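I have placed the structure first, in the form of structure tokens, so that the comments after it can refer back to it.
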Ligand SMILES: [Zn+2]
Ligand SMILES: [Zn+2]
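In this note's numbering, the protein residues as written are 518 to 729.
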């Protein structure tokens with residue numbers, strides 16, 4: 518059994534070292550915004566295993582030289598033009614469209630804080646794909662809905678905090694067949710993702726057979 522997760526991660530920082538080559542024509546007050554694109558493909562052999570990266574490739578980059586004082590002015594036609602150029606560029610990448618506004622916002626916040634135009638701002642965009650070999654299997658809805666609700670003061674074992682959230686119990690707790698109990702909300706949320714008891718790995722019924 519395998520399923521695939523895709524994610525785009527953006528990372529932007531202002532460097533602490535001036536860029537080596539500003540190019541002949543670039544005015545002193547211009548700052549370099551350097552976009553780099555990477556594609557990462559990895560696999561995750563199990564829910565708790567670290568990701569093993571099978572390939573990490575540099576897909577391309579794009580330089581934007583912008584007038585630092587100009588872009589900082591808001592509102593200004595220059596700032597809007599820059600915004601549009603970034604957005605046009607992002608459209609040619611794998612960054613999903615609904616993330617463009619946030620990505621540009623993040624970048625502009627850095628630009629607004631930047632003082633020294635000699636220090637470039639690096640924007641790294643990672644297009645991440647992870648193939649999961651094994652995943653957690655939820656418990657069936659019937660088994661979750663059928664869980665026993667018990668009054669805390671009627672329980673023999675004492676335990677005042679829920680092992681999932683570490684919060685203190687109210688009057689009612691929800692008990693699994695293995696007799697471990699939790700907040701109702703906590704254990705129901707857990708079992709919708711993973712069918713085993715968080716304390717002893719007692720297996721609740723599942724729709725499908727666990728794969729190995
Ligand atoms: Zn809880
Ligand atoms: Zn248990």
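Each residue gets a CB set at the ideal place from its N, CA and C atoms; glycine is no exception. It should be emphasised that the depicted structure is a prediction, and the values quoted were computed from it without experimental measurement.
Item: C-alpha distance - residue 654 paired with residue 722, whole-angstrom precision; Value: 10 Å
Item: Residue from 618, 643, 624, 666 with nearest C-alpha to residue 549; Value: 624
Item: Beta-bridge pairing of residue 720 - partner residues as DSSP gives them; Value: 713
Item: Beta-carbon separation (whole angstroms), residue 643 vs residue 525, contact threshold 8 Å; Value: 7 Å
Item: Check whether residue 546 and residue 586 have beta carbons under 9 Å apart; Value: yes
Item: CA-to-CA distance, residue 690 to residue 639, given in whole angstroms; Value: 51 Å
Item: Local conformation of residue 617 per DSSP, three classes; Value: helix
Item: Closer than 8 Å: residue 527 CB and nearest ligand 2 heavy atom; Value: no
Item: N-terminal and C-terminal residue of the alpha helix (DSSP H) that residue 605 is part of; Value: 594 to 608
Item: For residue 530: DSSP bridge partner residues; Value: 639
Item: Whole-angstrom distance between residue 606 and residue 612, CA atom to CA atom; Value: 10 Å
Item: Proximity test, residue 679 beta-carbon vs ligand 2 heavy atom, cut-off 8 Å; Value: no
Item: Three-state secondary structure assigned by DSSP to residue 538; Value: coil
Item: Start and end residues, beta strand (DSSP E) containing residue 558; Value: 547 to 561
Item: Residue 718 beta carbon near ligand 2 (any heavy atom closer than 8 Å); Value: yes
Item: Residue 697 CB to nearest heavy atom of ligand 1 below 8 Å; Value: no
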